[in-house]
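Novice:
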């Protein structure tokens, strides 16, 4: 039998999982600090739910990449490709849910797409959303979560913010009719530049004059104040008002890593108002570390369109965040263990030492029947464990143990109590 | 469109997720305290891997219940039905892995089986295993993990321990030939009693005399010492020696919630030595909370049988553990928030209060544009949030806020600093 994983999926080994858990735990801690509640929706959904024309499934590309399966009852099912559709389904299925409903969910999603560098068929999404309020306070809170998360991870970031209503207003001023189509083109601005966007808009029948008018408004460093005098239609004005209210709240909350960027569009068609994306200020990673916005229509559409259920949220990109952290930190340890204990004819007493260290909250490994001190040291070294304890009969008599720093090679004769104090103070 | 989850899977709402996270975090904390490293294997595996005749897939029931899918390249894949097979595949694929390899993994597994009460098609497994050593120290360490986890969860449990080699030795003494088959019958002893087992063994051609001899050894409260004089074949003696060594180590480690139970068999065919199961001492839940044992052959078999890679591990039953905890604790809160802040014409200042509470590590929710104090109190109450803060212009002048205990209705005029101190000391 050939030993391999399924194509496009991979194992995450301990040294990487330790970093992943660090990020996931930070996200969880901050989400809960902001009062978001955990929800878990299943990996398997009815195909009908995934194919509903409201979520990312509205894009035929995403739906084409859905893993399809059938259960023994011949029901057509699929593996979820995002968490948002499942959230909308959950809210729609639970009409008595108290609103606003603030929830987070983290877990694997699946896409049966072509394999390129960095594209995998199973990856984690980490989403935070507030359902059931149109108040810009909710948008401000989500953006405050962003800033707190990246502060905690010690990453310097900038949050770019825009509003779809304002973008629609600008398209209106430029008399560009098919706004959805145009926004998908504008979303590529960063990648293909003004020339590329001009080209593609032309292909879609937009005139040179319309494009010129469009770029007179969508240009670097243009301020909300400038746009205020130039965008006079209702939708555009509403977008500007929302942005002003949002920036006001952010100021009250002490959120300062935010800038207005009129060129930010976000690709998904389901956004209806605020949109934002987070980028690292330093380093090689240029892809966004998180992104989101307001999606006021999807839940209501799931419910048959009779009720409006507004929503705003953000998705964190676990992989780019881990990449940025890897640039900064050494990822060496293949185990959480801080100490590895090696007995020399003292198994019984060493087991006591190991349990005492663990009782004091210090992650400890014990030599599991490995012979000889040097083999044991090699093993500890290869796992990146920072300290070893060697316990022979001599030390036993003195009621002490030898603590060895695996990097410096320095050895000290200490009591277990002294070791606990030393490790805890590091 | 009909709004529902796929058949046999379910959403886990916040009030339940808060409990689940408590258990998962405790498991994670203790696994890492014992130096086990995290690993994540994919949900999707090649069907060939799952169908290998070594893991739980060796039982045709399990394989029949495997969700099958194909990717766009027409490769036959399956959703994993346990984590052990994927672990064995990972170890076999990574021949340079440093042994012993101590890892834990927690995540969803899938079975497309008939739906009965308590049987679902997606459920979490939480596994800890040590790969690459035959030392009973590894078995002792795993059982110590069990005791530490349940102590931390404040659940009184008993760990029943047995050994497959000893059971095989007893079957040998009773001259029962098909040992694998017999052990699957013995595993039902607790459910169908001595009479049921007698019946089933007879059906399999075991004679009354053989069964009598078997039950003279497999009886309640029989000790290892008694068995020592009666089981004289090699395999049986080896089992007794392993158990004695194991109990010795457990004593050295201060693990005292362990008993020897000769009737414990464990159903899976892949166990080769130590087997154990954990039961709650009190309450209505009689199913085991965790179980495991030694499986020395599976990884080697995956590698083609040329190398022996011994292993020992345990799987925790998240659902029964949560059931036992639910019997003991009130599960009321639908959010992690400890405080809900209600502004009366003080949005700007209230946002400052909210952020100050969060900065001090107190999970806080803010009224997101909800009108009126009583509606806001109702909302906080329905989510089970223990405190609200009401901030009006009067309080603002005094630089204080009103803290309301939602259970007692008691209100106090306090500074934010005083509130932080109060909540943190609870």
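Protein chains in written order, with this note's numbering: chain A, -15 to 410; chain B, -15 to 410. A virtual CB, placed ideally from N, CA and C, is assigned to each residue, including glycine. Please read all numbers here as calculations on a predicted model, not as lab measurements.
Determine the chain B residues that contact residue -3 (chain A) at a beta-carbon separation under 7 Å, and present them in chain order.
Specialist: Correct list: 23.
Novice: I'd like to know if the stretch 210 to 222 of chain B and the stretch 119 to 133 of chain B are in contact, where contact means that at least 3 CB-CB pairs between them fall below 8 Å.
Specialist: Contact between the stretch 210 to 222 of chain B and the stretch 119 to 133 of chain B is absent, because fewer than three Cβ pairs lie under 8 Å.
Novice: Could you pull the start and end residues of the beta strand (DSSP E) that residue 104 (chain B) belongs to?
Specialist: Where residue 104 (chain B) is concerned, there is no enclosing beta strand (DSSP E), given that its DSSP letter is neither H nor E.
Novice: Give the single residue among B:298, B:339 and B:300 whose Cα lies nearest to the Cα of residue 235 (chain A).
Specialist: Comparing Cα-Cα distances from residue 235 (chain A) to each of B:298, B:339 and B:300, the minimum goes to B:339.
Novice: Buried or exposed for residue 291 (chain A), please, with buried defined as at least 16 other CB atoms from any protein chain shown within 10 angstroms of its CB.
Specialist: By the 10 Å Cβ count, residue 291 (chain A) comes out exposed.
Novice: Should residue 147 (chain B) go down as buried or exposed, given a rule of 16 or more other Cβ atoms within 10 Å for buried?
Specialist: It counts as buried.
Novice: Return the bridge partner residues of residue 297 (chain A) from the DSSP annotation.
Specialist: Answer is A:113 and A:277.
Novice: Is residue 304 (chain B) helix, strand or coil when you go by DSSP?
Specialist: Helix, per DSSP.
Novice: What number of angstroms, rounded off, separates the C-alpha of residue 296 (chain B) from the C-alpha of residue 381 (chain A)?
Specialist: Distance between the alpha carbons of residue 296 (chain B) and residue 381 (chain A) is about 34 Å.
Novice: Hey, which unbroken runs of the alpha helix (DSSP H) at 4 residues or more fall wholly within the stretch 216 to 298 of chain A?
Specialist: DSSP runs (the alpha helix (DSSP H)) wholly in the stretch 216 to 298 of chain A: 218 to 236 and 282 to 286.
Novice: When the cut-off is 8 Å and only beta carbons count, does residue 96 (chain A) lie next to chain B?
Specialist: True, the Cβ-Cβ gap to chain B drops below 8 Å.
Novice: In terms of residue numbering, what span does the alpha helix (DSSP H) encompassing residue 331 (chain A) cover?
Specialist: 331 to 343 is the extent of the alpha helix (DSSP H) around residue 331 (chain A).
Novice: Roughly how many angstroms lie between the CA atoms of residue 175 (chain A) and residue 247 (chain A), to the nearest whole one?
Specialist: Each residue's alpha carbon lies about 12 Å from the other.
Novice: With DSSP as the reference, please indicate the residues paired to residue 141 (chain B) in a beta bridge.
Specialist: Answer by DSSP bridge pairing, in chain order: B:264.
Novice: Count the other CB atoms within 10 Å of the CB of residue 409 (chain A); is the residue buried (16 or more) or exposed (fewer)?
Specialist: Exposed, since its Cβ has fewer than 16 Cβ neighbours within 10 Å.
Novice: Buried or exposed for residue 99 (chain B), please, with buried defined as at least 16 other CB atoms from any protein chain shown within 10 angstroms of its CB.
Specialist: Exposed is the call here.
Novice: Within 10 angstroms of the Cβ of residue 396 (chain B), are there 16 or more other Cβ atoms? Answer buried if so, exposed if not.
Specialist: Its Cβ having fewer than 16 others within 10 Å, residue 396 (chain B) is exposed.
Novice: Counting beta carbon pairs with one atom in the stretch 17 to 26 of chain A and one in the stretch 255 to 267 of chain A, are three or more of them shorter than 8 Å?
Specialist: The stretch 255 to 267 of chain A, when compared against the stretch 17 to 26 of chain A, does not touch it at the 8 Å Cβ threshold.
Novice: Relative to the alpha-carbon of residue -1 (chain A), which residue among A:366, A:398, A:372 and A:403 has its alpha-carbon at the smallest distance?
Specialist: Of the listed residues, the one whose Cα sits closest to residue -1 (chain A) is A:366.
Novice: Please report the distance separating the alpha-carbon of residue 94 (chain B) from that of residue 108 (chain B).
Specialist: The straight-line gap from Cα to Cα measures roughly 9 Å.
Novice: With distances taken Cα to Cα, identify the nearest neighbour of residue 227 (chain A) among A:238, A:214, A:217 and A:243.
Specialist: The candidate whose alpha carbon is nearest that of residue 227 (chain A) is A:243.
Novice: If residue 168 (chain A) and residue 198 (chain A) are in contact, beta carbons under 8 Å, what's the gap, nearest whole angstrom?
Specialist: Contact flag wrong, Cβ pair sits at about 14 Å.
Novice: Going straight from the alpha carbon of residue 62 (chain B) to that of residue 13 (chain A), what length do you get?
Specialist: Each residue's Cα considered, the two are about 34 Å apart.
Novice: Buried or exposed: residue -14 (chain A), going by 16 or more other Cβ atoms within 10 Å of its Cβ?
Specialist: Exposed, by the Cβ-count rule.
Novice: According to DSSP, is residue 77 (chain A) part of a helix, a strand, or is it coil?
Specialist: Helix at residue 77 (chain A).
Novice: Please report how far the alpha carbon of residue 136 (chain A) lies from the alpha carbon of residue 321 (chain B), in whole angstroms.
Specialist: Each residue's Cα considered, the two are about 20 Å apart.
Novice: Between the stretch 245 to 262 of chain A and the stretch 177 to 188 of chain A, do at least 3 Cβ pairs fall closer than 8 Å?
Specialist: Because the criterion of three Cβ pairs below 8 Å is not met, the stretch 245 to 262 of chain A and the stretch 177 to 188 of chain A do not touch.
Novice: Beta-carbon separation of residue 128 (chain B) and residue 239 (chain B) under 8 Å?
Specialist: Yes.
Novice: Is the stretch -11 to 5 of chain A close to the stretch 28 to 39 of chain A, with three or more CB pairs under 8 Å?
Specialist: With the cut-off at 8 Å, the stretch -11 to 5 of chain A and the stretch 28 to 39 of chain A do not touch.
Novice: So what's residue 120 (chain B) in DSSP terms, helix, strand or just coil?
Specialist: It is helical.
Novice: Could you give the distance in angstroms between the alpha-carbon of residue 8 (chain B) and the alpha-carbon of residue 211 (chain A)?
Specialist: Their backbone Cα atoms lie some 50 Å apart in a straight line.
Novice: Note down, in chain order, all residues in the stretch 285 to 313 of chain B with a beta-carbon under 9 Å from any beta-carbon belonging to chain A.
Specialist: Residues 286, 287 and 288.
Novice: What do you reckon, are the CB atoms on residue 352 (chain B) and residue 370 (chain A) nearer than 8 Å?
Specialist: In this structure, residue 370 (chain A) does not lie closer than 8 Å to residue 352 (chain B) by Cβ.
Novice: Does the CB of residue -7 (chain A) have a neighbour CB from chain B at under 8 Å?
Specialist: At least one chain B Cβ lies under 8 Å of residue -7 (chain A).
Novice: In chain A, which residues lie less than 8 Å from residue 347 (chain B) when you measure between Cβ atoms?
Specialist: Those are 16, 17, 18 and 19, listed as they occur along chain A.
Novice: Below 9 Å on C-beta distance, what does residue 28 (chain B) contact in chain A?
Specialist: The contacting residues are -11, -10, -8, -7, 51, 63, 94, 105 and 106.
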